[in-house]
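Undergrad: The listed protein sequences correspond, in order, to chains A and B. Read left to right, the first sequence gives residues 0 to 281 (numbering that gives the first Met the number 0). Read left to right, the second sequence gives residues 0 to 250 (numbering that gives the first Met the number 0). Ideal Cβ positions, reconstructed from N, Cα and C, are used throughout, including at glycine. One structure coming up, written as structure tokens, with questions to follow.
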Amino acid sequence: MTTARMREKIAFFVLGLITLLVVIPILMIIFYIVKNSIGSISWEFITQSPRNGMKEGGIFPAIVGTIVLIIGTMLFSLPLGVLSAVYLVEYARDNFFTRLIKLSVVNLSGIPSIVYGLFGFTLFVLFLKLGTSILAGSLTLAIMSLPVIITATKEALESVPLSFREISLSLGATKWQTVRYCVLPYAIPGILTGTVLSLSRAAGETAPILFTVAAFYLPRLPRSLFDQVMALPYHLYVISTQVPNIPVSISFATCFVLIGLVFLMNLVSIILRSHYRKKKLW
Amino acid sequence: MVKETVIKTVNLNCRYGALQVLKDLNLEIHRNEIFGIIGPANSGKTTFLRALNRLNFLNASYSQDGEIFFADKNLKNICDNILRKRIGIIFALPQVLPVSIYNNIAYGPKVHGIAKKDAIEQIVEESLKKASLWDEVKDRLDSPAMKLSGGQQQRLCIARTLAVEPDVILYDEHCSGLDPISTAKIEDAMQQLKETYTQILVTNNTKQAARVSERCAFFLMGELIELDETAALFTEPKDKRTDDYITGRFG
Chain A
0 MTTARMREKI AFFVLGLITL LVVIPILMII FYIVKNSIGS ISWEFITQSP
50 RNGMKEGGIF PAIVGTIVLI IGTMLFSLPL GVLSAVYLVE YARDNFFTRL
100 IKLSVVNLSG IPSIVYGLFG FTLFVLFLKL GTSILAGSLT LAIMSLPVII
150 TATKEALESV PLSFREISLS LGATKWQTVR YCVLPYAIPG ILTGTVLSLS
200 RAAGETAPIL FTVAAFYLPR LPRSLFDQVM ALPYHLYVIS TQVPNIPVSI
250 SFATCFVLIG LVFLMNLVSI ILRSHYRKKK LW
Chain B
0 MVKETVIKTV NLNCRYGALQ VLKDLNLEIH RNEIFGIIGP ANSGKTTFLR
50 ALNRLNFLNA SYSQDGEIFF ADKNLKNICD NILRKRIGII FALPQVLPVS
100 IYNNIAYGPK VHGIAKKDAI EQIVEESLKK ASLWDEVKDR LDSPAMKLSG
150 GQQQRLCIAR TLAVEPDVIL YDEHCSGLDP ISTAKIEDAM QQLKETYTQI
200 LVTNNTKQAA RVSERCAFFL MGELIELDET AALFTEPKDK RTDDYITGRF
250 G
């Protein structure tokens, strides 16, 4: 074997090893959580409210709370994010104003989540008088999710071939018809990826919901959009650090449920994506 | 017989940024003729075509002055989408949408408000027949258009343009990527369309212009050098540059 090929083999081996290093922590985290939660995970744990100072019972209200918050976040951020991206890519001319918007979007994604939390608290909870509520929490999480959704949608729209737009316009379609029928449908996989990614992050965040919606202990389901709810990440924080003598396995079981929820969301997006990818022929 | 003018340009100048692509262009195109435009690369042929349905304006650096009249109306006073419905274009490379054959053609009528299923089905069939493609695809209208061969795709594009009932069809070197047999089929289709439509053909292939067109214009560096009956232009060109080009001495 020549030295060049030897070197190549060694390089491949090293690269493979490095790639493996990325996977190992994930596997270890999952293994560790599963191992420690196995004693507490049960049907009751998922379907019942906490009892006896959260030392017993389940985490049902927190699961519902997190799901409600994810849905609320999506309702606000998905239309806003997608339409903003459509405007930026399809309609806006390249000038100082639009460059400013694009720059802000990029910078928004770099802001720490606790800052979003405080912002949401002052704007939605205090100034708009929404109180600590599902509405305020969803809006705060939505603002946090926007940059990722906008960026992903922008990239998805830009990757749709220019010729599709020309075909549509040359047949006499209006600008909006062109966007609606010849651009957006082909951008859906990319939009989906960005949305699920940012919603998964929103599902696991504690800081933005800390002052805007999360309840320390509220063993019933929300009745309106102005109710507080328990949420998995905050509940996890509470039982791990704020309340003494809670079995460790309950914390890990909560972790397990949170990760499972995020995993389910990703699974749905993977299925939808592969469904749309089958139609992609160019 | 006095021929009716469909398109008329008056002192048309087209620019991309500072680069002038067409200079003081004055010409008239008659109803139901096949008008050929020949010339080397960068002579402004495509820009001229795309000026007629205002597709040039998709490029932000484009600007034009002078007037273009379509059926005696100034282009500036016609809505883009109405204009483009009446002046269709076939692009150089077959550009099909990644949907079925049927939906490629149904798209145009649908955006123009035709909703009835049987009406659209009828339009699809008629358009495909006019573009001489019906017999080849009638049994697989639901299969993806991208699976058709290049020549079939280009005829599908013609059918798609016909489906919105234009008056004028622009061809932008539409046979440049096709083999001679596909080209012949498309030229046949063009001859049949002559009854109903005005056709403007830009081509790099001077022989095609000689075969298909009735009148022909020679563009060079953004200027109209010569315009004549095709037979005259190709047998006794008045300008030496035309002569050089069609006999293959440059370009």
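Restricting to Cα atoms, I'd like to know which of A:Val182, A:Val242 and A:Tyr236 is closest to Leu257 of chain A.
TA: Ranking A:Val182, A:Val242 and A:Tyr236 by Cα distance to Leu257 of chain A puts A:Tyr236 first.
Undergrad: By alpha-carbon positions, which one of B:Glu164, B:Leu177 and B:Ile104 ends up nearest to Ser142 of chain B?
TA: For the residues B:Glu164, B:Leu177 and B:Ile104, the minimum Cα distance to Ser142 of chain B belongs to B:Ile104.
Undergrad: Can you tell me which residues form a DSSP beta bridge with Ala213 of chain A?
TA: Ala213 of chain A pairs with A:Val228.
Undergrad: Can you tell me which of the three DSSP states His29 of chain B falls into?
TA: If DSSP states are grouped into helix, strand and coil, His29 of chain B belongs with the strands.
Undergrad: Is Gly171 of chain A close to chain C, meaning its C-beta is less than 7 Å from at least one C-beta of that chain?
TA: Here chain C cannot be found, since the structure's protein chains are A and B.
Undergrad: Curious, which full-length beta strand (DSSP E) runs of at least 3 residues does the region 54-113 of chain B contain?
TA: Listed in chain order, they are 61-69 and 86-89.
Undergrad: With respect to the beta strand (DSSP E) encompassing Phe217 of chain B, which residues constitute its N-terminal and C-terminal limits?
TA: Segment Arg214 to Leu219, the beta strand (DSSP E) holding Phe217 of chain B.
Undergrad: Do Pro97 of chain B and Gly149 of chain B count as a contact pair if the criterion is CB distance below 7 Å?
TA: Not closer than 7 Å, so no.
Undergrad: Cα separation between Gly87 of chain B and Cys156 of chain B?
TA: Cα to Cα, Gly87 of chain B sits roughly 10 Å from Cys156 of chain B.
Undergrad: For Asn51 of chain A, which three-state DSSP category applies?
TA: It is coil, neither helix nor strand.
Undergrad: Would you say Leu80 of chain B reaches chain A, if we count a Cβ-Cβ gap shorter than 7 Å as a contact?
TA: Looking at the sequence shown, residue 80 of chain B is not Leu but Asn. With 7 Å as the cut-off, Asn80 of chain B counts as an interface residue toward chain A.
Undergrad: Quick one: residues in its chain with C-beta nearer than 7 Å to the C-beta of Pro232 of chain A, no 5 flanking neighbours on either side, listed in chain order?
TA: Contacts found: Gly203, Glu204, Thr205 and Leu257.
Undergrad: Enumerated in chain order, which unbroken segments of the alpha helix (DSSP H) with a length of 4 residues or greater are wholly contained in the region 105-140 of chain A?
TA: Runs found: 112-119.
Undergrad: Would you list the residues sitting across from Asn200 of chain B in a DSSP beta bridge?
TA: Position check: residue 200 of chain B holds Leu in this sequence, whereas Asn was assumed. The partner list for Leu200 of chain B (beta bridge, DSSP) reads B:Gly35 and B:Tyr170.
Undergrad: Is Ile166 of chain A close to chain B, meaning its C-beta is less than 7 Å from at least one C-beta of that chain?
TA: Interface residue, yes.
Undergrad: Just verifying my parser: in three-state terms, what is the DSSP assignment at Asp187 of chain B?
TA: Helix, per DSSP.
Undergrad: According to DSSP, what are the bridge partners of Leu223 of chain B?
TA: In the DSSP output, where bridge partners are listed per residue, Leu223 of chain B has B:Phe218.
Undergrad: Nearest chain B C-beta to Ser158 of chain A closer than 7 Å, yes or no?
TA: Not an interface residue.
Undergrad: Given a threshold of 16 other Cβ atoms within 10 Å of its Cβ, counted over all protein chains shown, does Tyr90 of chain A qualify as buried or as exposed?
TA: That one is exposed.
Undergrad: Cβ closer than 8 Å: which chain B residues qualify as neighbours of Arg92 of chain A?
TA: Per Cβ cutoff of 8 Å: Ala59.
Undergrad: Buried or exposed, going by whether 16 or more other CB atoms sit within 10 Å of the CB of Leu74 of chain A?
TA: Its Cβ having fewer than 16 others within 10 Å, Leu74 of chain A is exposed.
Undergrad: For the alpha helix (DSSP H) containing Tyr15 of chain B, list its first residue and its last residue.
TA: No alpha helix (DSSP H) holds Tyr15 of chain B; the beta strand (DSSP E) holding it covers Thr4 to Tyr15.
Undergrad: Would you decide whether Thr121 of chain A is buried or exposed? Buried here means 16 or more other CB atoms lie within 10 Å of its CB.
TA: Exposed, by the Cβ-count rule.
Undergrad: Measuring CB atoms only, is the region 169-179 of chain B touching the region 35-48 of chain B, in the sense that at least three cross pairs come out at less than 8 Å?
TA: These segments touch.
Undergrad: Can you give me, in chain order, the residues of the region 97-110 of chain B that have a beta carbon less than 7 Å from any beta carbon in chain A?
TA: Taking 7 Å as the Cβ-Cβ cut-off against chain A, the residues of the region 97-110 of chain B that qualify are Pro97, Tyr106, Gly107 and Val110.
Undergrad: Based on the DSSP output, what are the partners of Leu18 of chain B in its beta bridges?
TA: According to DSSP, which records beta bridges pairwise, Leu18 of chain B is partnered with B:Tyr15.
Undergrad: Tell me, which residues are paired with Leu183 of chain A by DSSP?
TA: In DSSP, Leu183 of chain A forms no bridge with anything.
Undergrad: Would a C-beta distance cut-off of 7 Å place Ile224 of chain B and Phe34 of chain B closer than the cut-off?
TA: No, they are not a contact pair.
Undergrad: If we ignore side chains and look at the alpha-carbon of each, how far apart do Lys101 of chain A and Asn76 of chain B end up?
TA: For Lys101 of chain A and Asn76 of chain B, the distance between alpha carbons rounds to 35 Å.
Undergrad: Less than 7 Å separating the beta-carbons of Phe251 of chain A and Ser132 of chain A?
TA: Cβ distance not < 7 Å, so Phe251 of chain A and Ser132 of chain A don't count as in contact.
Undergrad: If you run the structure through DSSP and keep just helix, strand and coil, what is Asp243 of chain B?
TA: Here Asp243 of chain B sits in helix by DSSP.
Undergrad: Return the chain-ordered list of same chain residues with a C-beta closer than 8 Å to the C-beta of Glu194 of chain B, the five sequence neighbours on each side being excluded.
TA: Taken in chain order, the residues that qualify are Asn31.
Undergrad: When the Cα atoms are used, what is the spatial distance from Ala144 of chain B to Val267 of chain A?
TA: When rounded, the distance between both Cα atoms is 29 Å.
Undergrad: Closest to Thr4 of chain B by CA distance: which of B:Ile122, B:Glu125, B:Lys237 and B:Asp71 is it?
TA: Of the listed residues, the one whose Cα sits closest to Thr4 of chain B is B:Asp71.
Undergrad: Report yes or no: do three or more beta-carbon pairs, one from the region 204-219 of chain A and one from the region 48-62 of chain A, lie closer than 8 Å?
TA: Touching, yes, given that three or more Cβ pairs across the two stretches are closer than 8 Å.
Undergrad: In the structure shown, what three-state DSSP assignment does Pro188 of chain A receive?
TA: DSSP places Pro188 of chain A in helix when its eight states are reduced to three.
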